[in-house]
Amino acid sequence: DAGVTQSPTHLIKTRGQHVTLRCSPISGHKSVSWYQQVLGQGPQFIFQYYEKEERGRGNFPDRFSARQFPNYSSELNVNALLLGDSALYLCASSLHAPSYNEQFFGPGTRLTVL
Amino acid sequence: GQQVMQIPQYQHVQEGEDFTTYCNSSTTLSNIQWYKQRPGGHPVFLIQLVKSGEVKKQKRLTFQFGEAKKNSSLHITATQTTDVGTYFCAGTGTASKLTFGTGTRLQVTL
Numbered sequence: 001d002a003g004v005t006q007s008p009t010h011l012i013k014t015r016g017q018h019v020t021l022r023c024s025p026i027s028g029h030k031s032v033s034w035y036q037q038v039l040g041q042g043p044q045f046i047f048q049y050y051e052k053e054e055r056g057r058g059n060f061p062d063r064f065s066a067r068q069f070p071n072y073s074s075e076l077n078v079n080a081l082l083l084g085d086s087a088l089y090l091c092a093s094s095l096h097a098p099s100y101n102e103q104f105f106g107p108g109t110r111l112t113v114l
Numbered sequence: 115g116q117q118v119m120q121i122p123q124y125q126h127v128q129e130g131e132d133f134t135t136y137c138n139s140s141t142t143l144s145n146i147q148w149y150k151q152r153p154g155g156h157p158v159f160l161i162q163l164v165k166s167g168e169v170k171k172q173k174r175l176t177f178q179f180g181e182a183k184k185n186s187s188l189h190i191t192a193t194q195t196t197d198v199g200t201y202f203c204a205g206t207g208t209a210s211k212l213t214f215g216t217g218t219r220l221q222v223t224l
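Top line first, the protein sequences correspond to chains P and G.
The first sequence maps to residues 1 to 114 in my numbering.
The second sequence maps to residues 115 to 224 in my numbering.
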């Protein structure tokens, strides 16, 4: 079975632009979570979706939004990009709610904002 | 909000030496997970602990959850070069949100 896939792998944007990151969970997994990982730090929770509903949101501004589709894939959108948004964006899937289940991480999307 | 700190931030050991990383939460946790992230890679799940005082072993790795469910530790016996990476704990508090720790980077040399 394929693992969690994310696209694109790398992305370079300029300040003020908009970006959409995509994630496909492991087949059968209904929960997708998004994390931001700045170099040298631990992943910071952004959103959790389970059964297509938002089940949790981290301390990120409204410029960050996400959604989960009927096939359980997910998109993370970031508007009005700032230099500080440069980071590795990780998607993780789990069979059920991630707080109590093993999460499987994708390879991430490396976003650079210039 | 909930904060999860790990010490040390970085440790350099020679192959064969033991290694321990400690994880401390500002709030009581319902469970704790441990992940390993190799350089340039993504976090990989190692284990989950749920019960107060729980101890679990995986070959050379020993994981412990504190009695008060606010701290945890990971101990590696006789480190190998394949143990290189950053080890993160991640805890679930009252908000049912998984909060990752600050991580401990382990370097192992021959």
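C-beta: ideal position from N, C-alpha, C; glycine also.
In this structure, does DSSP put residue i in helix, strand or coil?
| i | result |
| --- | --- |
| G199/G | strand |
| G205/G | strand |
| Y100/P | helix |
| L83/P | helix |
| G58/P | coil |
| R110/P | strand |
| N77/P | strand |
| E168/G | coil |
| L39/P | coil |
| I12/P | strand |
| I46/P | strand |
| H18/P | coil |
So that I know if they touch, is there some Cβ in chain P lying closer than 8 Å to that of residue i?
| i | result |
| --- | --- |
| L212/G | yes |
| G115/G | yes |
| T216/G | yes |
| P157/G | yes |
| N145/G | yes |
| Q221/G | no |
| T110/G | Nothing about residue 110/G can be read from this structure; chain G reaches only from 115 to 224. |
Between residue i and residue j, is the Cβ-Cβ spacing less than 8 Å?
| i | j | result |
| --- | --- | --- |
| Y35/P | A80/P | no |
| Q120/G | S140/G | no |
| E75/P | R22/P | yes |
| K211/G | F45/P | yes |
| P213/G | Q151/G | For the record, residue 213/G in the displayed sequence is Thr; it is not Pro. Cβ distance not < 8 Å, so T213/G and Q151/G don't count as in contact. |
| K30/P | E54/P | no |
| G115/G | N59/P | yes |
| K13/P | V4/P | no |
| G28/P | L82/P | no |
Going straight from the alpha carbon of residue i to that of residue j, what length do you get?
| i | j | result |
| --- | --- | --- |
| T206/G | A97/P | 11 Å |
| N185/G | Q128/G | 27 Å |
| N77/P | P157/G | 22 Å |
| K173/G | V113/P | 42 Å |
| V32/P | C203/G | 19 Å |
| S7/P | S73/P | 12 Å |
| Y235/G | P107/P | Outside the modelled stretch of chain G, which goes from 115 to 224, sits residue 235/G, for which no answer is possible. |
| Q17/P | Q48/P | 24 Å |
| N145/G | L160/G | 14 Å |
| Y100/P | D197/G | 25 Å |
| T134/G | H189/G | 4 Å |
| T223/G | T195/G | 7 Å |
| E168/G | Q178/G | 6 Å |
| S166/G | R57/P | 28 Å |
| P153/G | D132/G | 20 Å |
| F105/P | T218/G | 19 Å |
| L11/P | E181/G | 45 Å |
| F64/P | R15/P | 15 Å |
| T9/P | S24/P | 13 Å |
| P61/P | Q37/P | 16 Å |
Counting only beta-carbon atoms, is residue i nearer than 8 Å to chain G?
| i | result |
| --- | --- |
| P43/P | yes |
| P107/P | yes |
| E102/P | yes |
| W28/P | Correcting the residue type first, residue 28/P is Gly in the shown sequence and not Trp. It does not; no Cβ of chain G falls within 8 Å. |
| L39/P | no |
| L90/P | yes |
| N77/P | no |
| G16/P | no |
Contact between the segment 37-48 of chain P and the segment 76-87 of chain P is defined here as three or more beta-carbon pairs at a separation below 8 Å; is this criterion met? yes
Can at least three beta-carbon pairs, one atom from the segment 68-82 of chain P and one from the segment 123-140 of chain G, be found at a separation below 8 Å? no
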